[in-house]
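Under this note's numbering, residue 152 is the last one in the sequence shown; the count climbs by one each step, no gaps. For reference, the structure is listed below as structure tokens.
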Amino acid sequence: MEDIIVVTTESVPGYRIVEIKGIARGGIVKATHLGRDITAFFRNIKGGEVKEYTQMMAEAREEALKRMILYAKELGANAVVNVRFATANIGSSVAEVYAYGTAVVVEKE
């Protein structure tokens with residue numbers, strides 16, 4: 044199977060959905076480490092972007108997306124449509140990132 048097509052739209056231009064496989068999902072709970080927390084604390088005092096947390100969340104989104112794609116492949120899909128992300132704060136320095144969408148089989152029109 045070739046790479047999976049991942050889109051935030053309901054359909055894939057030039058393709059038609061021929062089968063729905065189910066919900067594809069992938070999540071990760073990510074925590075910062077003490078060094079990031081200390082640096083972030085000082086950045087927070089002066090204001091502006093907290094780059095340590097931005098990096099942590101970017102890594103978490105990529106991992107959640109990767110896990111969603113692997114799950115879609117396990118379902119037998121070659122595309123995931125309507126992809127969304129959700130986040131939740133679990134603790135003071137712990138966040139969950141969840142990626143989900145509809146795993147489908149598409150064919151070129």
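Ideal Cβ positions, reconstructed from N, Cα and C, are used throughout, including at glycine.
query, result
"Limits of the unbroken alpha helix (DSSP H) element including Ile66", "Ile66 -> not in any alpha helix (DSSP H); beta strand (DSSP E) instead, spanning 58-74."
"Range of the contiguous beta strand (DSSP E) that encloses Glu53", "Run containing Glu53: none; DSSP gives neither H nor E here."
"According to DSSP, residues forming a beta bridge with Glu139", "Val72, Ala131"
"Neighbour-count burial assignment, Ala131, 16 or more Cβ in a 10 Å radius", "exposed"
"Burial state of Ile112 (16 or more Cβ within 10 Å)", "buried"
"Top-ranked residue by Cα proximity to Lys116, from Thr51, Val149, Gly91, Arg59", "Val149"
"Distance between Gly69 and Val147 (C-alpha atoms, nearest Å)", "16 Å"
"Residues that Thr145 bridges to, as DSSP identifies them", "Ile66, Val124"
"Inter-residue Cα distance where the pair is Val123 and Ser136", "31 Å"
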